[in-house]
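Here is the structure we will look at.
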Amino acid sequence: MSVLLNRRTVVTGLILFAVLFPFVTRNDYVIHIMTLSFIWMIGVYGLNLLAGYTGYLSLAHAGFFAVGAYSLGLLTVEAGVNFWLALILACLFTGILGFLIGMIALRTREHFFAIYTLCVGYIIYLVIYKWDGLTGGVRGLIGIPAPSNIGPISFTSSISQYFLVLFFLLLTIFFIYRIVHSLTGRTFMAIRNSEDLALTLGISTMKNKLVSFVLSTIFAGLAGALYAGFVRFIGPDIGYITITFDLLIYLLIGGIGTMSGPIVGTLLIVWLSQYLQFLQDYRMLVFGPLLAFLIIFYPWGIVGIFQQWKQKRQARKARSIHQEENRKDEVELDAGVSADQEQVREG
Amino acid sequence: MFLQTKGLTKQFGGLVAVNKVDFTVEKGKINAIIGPNGAGKTTFFNLISGFHPPSAGQVIFKGRDITHLPPDQIARLGIARTFQTTHLFEQSTVLDNVIVGHRLRTSSTLWDAIFRTARHQREEKQCRDKALDVLDFVGLTDAADRLVAGLTQEAKKRAAFALALATDPEVVFLDEPAAGVNPDETDGLAELIRKMVERGVTVCLIEHKMQMIMNLADKIMVLNFGEKIAEGTPHEIMNNEDVIRAYLGGNAIA
Ligand SMILES: Nc1ncnc2c1ncn2[C@@H]1O[C@H](COP(=O)(O)OP(=O)(O)OP(=O)(O)O)[C@@H](O)[C@H]1O
Ligand SMILES: [Mg+2]
Numbered sequence: 007m008s009v010l011l012n013r014r015t016v017v018t019g020l021i022l023f024a025v026l027f028p029f030v031t032r033n034d035y036v037i038h039i040m041t042l043s044f045i046w047m048i049g050v051y052g053l054n055l056l057a058g059y060t061g062y063l064s065l066a067h068a069g070f071f072a073v074g075a076y077s078l079g080l081l082t083v084e085a086g087v088n089f090w091l092a093l094i095l096a097c098l099f100t101g102i103l104g105f106l107i108g109m110i111a112l113r114t115r116e117h118f119f120a121i122y123t124l125c126v127g128y129i130i131y132l133v134i135y136k137w138d139g140l141t142g143g144v145r146g147l148i149g150i151p152a153p154s155n156i157g158p159i160s161f162t163s164s165i166s167q168y169f170l171v172l173f174f175l176l177l178t179i180f181f182i183y184r185i186v187h188s189l190t191g192r193t194f195m196a197i198r199n200s201e202d203l204a205l206t207l208g209i210s211t212m213k214n215k216l217v218s219f220v221l222s223t224i225f226a227g228l229a230g231a232l233y234a235g236f237v238r239f240i241g242p243d244i245g246y247i248t249i250t251f252d253l254l255i256y257l258l259i260g261g262i263g264t265m266s267g268p269i270v271g272t273l274l275i276v277w278l279s280q281y282l283q284f285l286q287d288y289r290m291l292v293f294g295p296l297l298a299f300l301i302i303f304y305p306w307g308i309v310g311i312f313q314q315w316k317q318k319r320q321a322r323k324a325r326s327i328h329q330e331e332n333r334k335d336e337v338e339l340d341a342g343v344s345a346d347q348e349q350v351r352e353g
Numbered sequence: 003m004f005l006q007t008k009g010l011t012k013q014f015g016g017l018v019a020v021n022k023v024d025f026t027v028e029k030g031k032i033n034a035i036i037g038p039n040g041a042g043k044t045t046f047f048n049l050i051s052g053f054h055p056p057s058a059g060q061v062i063f064k065g066r067d068i069t070h071l072p073p074d075q076i077a078r079l080g081i082a083r084t085f086q087t088t089h090l091f092e093q094s095t096v097l098d099n100v101i102v103g104h105r106l107r108t109s110s111t112l113w114d115a116i117f118r119t120a121r122h123q124r125e126e127k128q129c130r131d132k133a134l135d136v137l138d139f140v141g142l143t144d145a146a147d148r149l150v151a152g153l154t155q156e157a158k159k160r161a162a163f164a165l166a167l168a169t170d171p172e173v174v175f176l177d178e179p180a181a182g183v184n185p186d187e188t189d190g191l192a193e194l195i196r197k198m199v200e201r202g203v204t205v206c207l208i209e210h211k212m213q214m215i216m217n218l219a220d221k222i223m224v225l226n227f228g229e230k231i232a233e234g235t236p237h238e239i240m241n242n243e244d245v246i247r248a249y250l251g252g253n254a255i256a
């Protein structure tokens, strides 16, 4: 119970912080960077559902991000569709493409899956880059409208855009939280743990992997579409492999397969990159070793370190309670108790 | 006829791992398969549970041909199995490992998960109750909240049994349930296997521990180089010339 209350206060505190943040900083640039990192987080959550909870590391996610962005861009700029309708259609279209690609990609496993999706991501990038007539090729797509007004609310100021993206981020987290903590989530994790075991437990692995893959691409598409409406200009670079690796680094540093990893990793790396901007591309000299260190020693990232620490503390507490009981029951058995104490100190 | 294989054969390239095996699993009994390393025992299980498509032959379960069904559908028919090495998730608790075992008897979808429908609540409880029930059955109630990583080999085997039982099976195939477990604990596992049969679950197991098998099994089949060389009661098997020759002919048995 206290754990639940604890979690509730932490979550409420974080939401409150996020809501108050723009009023506290009042710095447009800072708000801009924060909005961008929220957009990345949505994509990272999508990747986490697939790679972290289902065990399939996709390297095509920048591609799906770009598909979402270009769908929104083309629908609003070329077809004159309303922003909100375009946003829904962009997610839908990304999901359908995800479905078709997933049908083939998910027949491979592990590193073959990673390599296959890497190729898919690159092909998506190439199509956007080369299909001048539709996408504008290298010139990119300009003049994407900002989200249209909803009643009296307009989305032209940076603060209103911030709140719009925050809303979608919270929605994403809500969805992912509910999925992960459900029978469906347990099914995904059973597949991650051992696909063979999942099969013997009567789980239709193909169907479940496909659900996870499609959801994950829809979140990537949503992030892309929001990006397009926020930055208002997109080029083929947003589909390039470096974006996939950015998302992956945020996820790995924060903690793959954890609920808060995407937030922690994205915030940390985005702001660290801001402070290290003077280093330009040499920033990677900082991130590279950090990433290698984490993956080797803490495969569940920063959130994993925290969880381990909490688990250890709980175990220690449990053991000292146990020890208390021992002391009451067997006062005369001094030897036994001191052996117990020894163990506690070791732990 | 409960479960039957007819001329079941599996070839890996030039190697015939299982060769024209006719076998029946008798309902309500403890059926055993023994044989030297590499005899094709695990492969035989893989064929029945749908992991490998057979090269020839048939698997019939309660009058239905299940030869070409995928593994998940075979599991849903009530055929469970464990692996030679338990595939449990070590970083998670015993209970969390076992809860998903009953998933196949539920029908909650993504929709139910996101909107926390009444069906989802009901089925989640159903899975949890089933997990607690089978953990109690295998004697792991006290370990339910412990990480699998911290369990003994024997407790892991029990957890794997629990997971198989959570699927509500009619028959379980156990691949070397007592491997890597000390003699005292082996007796405990044998006891548990008997208890499973009493509960109405038919058992078919592979085992190298001869003493255990001879005490436990109602019926034994011996495989050697993929072929069935003998079948019968423990007493018949112990006195079978071919079996003695196969075991003494260089293939030592643990
Ligand atoms: N997937 C596979 N591909 C190729 N050969 C295989 C495959 N699985 C098993 N084999 C081969 O088939 C033969 C039978 O193997 P199997 O694992 O069924 O033996 P086993 O009786 O279970 O042995 P053990 O007692 O050591 O577990 C072995 O020669 C093995 O190398
Ligand atoms: Mg084997």
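Chains as they are written, first to last, in our numbering: chain A, 7 to 353; chain B, 3 to 256.
All C-beta atoms in this analysis are idealised placements derived from N, C-alpha and C, irrespective of residue type, glycine included.
Here the structure is a predicted model, which means the values were calculated and not measured.
The beta carbon of A:Pro242 is closer than 8 Å to those of Ala72, Tyr131, Ile134, Tyr135, Thr141, Gly143, Val144, Gly146 in its chain, skipping five residues each way along the sequence. Distances between the C-beta of B:Lys158 and the heavy atoms of ligand 2 are all 6 Å or more.
Here DSSP, grouped into helix, strand and coil, assigns A:Gly157 to coil.
A:Ala234 is positioned such that its CB atom lies closer than 7 Å to that of A:Leu78.
Non-local beta-carbon contacts of B:Gly52 in its own chain, meaning distances under 6 Å to residues more than five positions away in sequence, involve Leu71, Pro72, Pro73, Ile76 in chain order. Chain A places no beta carbon closer than 7 Å to that of B:Thr45, leaving this residue out of the contacts. Not a single heavy atom of ligand 2 lies less than 6 Å from the C-beta of A:Thr206. By the Cβ test, the stretch 229 to 236 of chain B is not in contact with the stretch 192 to 208 of chain B, since fewer than three Cβ pairs between them sit closer than 8 Å. Closer than 6 Å to some heavy atom of ligand 2: that does not describe the Cβ of B:Thr87.
Not a single CB atom of chain B sits nearer than 7 Å to the CB of A:Ile94.
The closest heavy atom of ligand 1 lies 6 Å or more from the beta carbon of B:Ala58. Shown here for B:Thr69: same chain residues with a beta carbon closer than 7 Å to its own, the five before and five after excluded, namely Pro56, Gln60, Val61 in chain order.
Between the alpha carbons of A:Thr178 and A:Met195 lies a distance of about 19 Å. A distance below 7 Å separates the beta carbons of B:Cys206 and B:Val27. The C-beta distance from A:Ile262 to A:Gly58 rounds to 4 Å, short enough to fall under 8 Å. Annotation: Cβ neighbours of A:Asp202 in chain B (cutoff 9 Å, chain order): Phe53, Pro73, Phe85, His89. Note that the C-beta distance between B:Val224 and B:Gly37 is below 7 Å.
Between A:Phe219 and A:Gly139, the CB-CB gap reaches or exceeds 7 Å.
The stretch 37 to 50 of chain A makes contact with the stretch 260 to 278 of chain A: 3 or more CB pairs, one atom from each, lie closer than 8 Å.
The closest heavy atom of ligand 1 lies less than 6 Å from the beta carbon of B:Lys43.
Within the DSSP bridge table, the entry for B:Cys206 names B:Asn33, B:Phe175 as partners.
B:Phe25 sits in a strand when the DSSP states are folded into three classes.
Here the C-alpha atom of A:Gly74 lies approximately 8 Å from the C-alpha atom of A:Leu232. For A:Arg184, the residues of chain B that pass the 9 Å Cβ criterion are Ala115, Ile116, Phe117, Arg118, in the order they occur in the chain. Boundaries of the beta strand (DSSP E) around B:Gly9: 5 to 14. Across the set B:Lys12, B:Ala34, B:Asp67, B:Asn39, the C-alpha of B:Asp67 shows the shortest separation from the C-alpha of B:Met3.
With a contact defined as Cβ atoms closer than 8 Å, B:Val150 and B:Ala166 miss out at about 15 Å. The DSSP-derived three-state label of B:Leu153 is coil.
Within the stretch 35 to 101 of chain B, complete alpha helix (DSSP H) segments of at least 4 residues are found at 43 to 50, 73 to 78, 96 to 101, given in chain order. Not one heavy atom of ligand 1 is found less than 6 Å from the C-beta of B:Gly16.
With a threshold of 16 other beta carbon atoms within 10 Å, B:Asn39 falls short and is exposed.
Each residue's CA atom was taken as its position, placing A:Leu216 and B:Ile101 some 22 Å apart. By the criterion of a C-beta distance shorter than 8 Å, B:Phe85 is surrounded in its chain by Ala162, Asp177, once the five residues flanking it on both sides are discounted. Note: B:Met223 is bridge-paired with B:Ile35, B:Glu233 in the DSSP secondary-structure output. The continuous alpha helix (DSSP H) containing B:Asp114 extends over residues 112 to 117. Scanning B:Leu112, B:Ala157, B:Lys211, B:Gly152 for the CA closest to the CA of B:Phe139 turns up B:Ala157.
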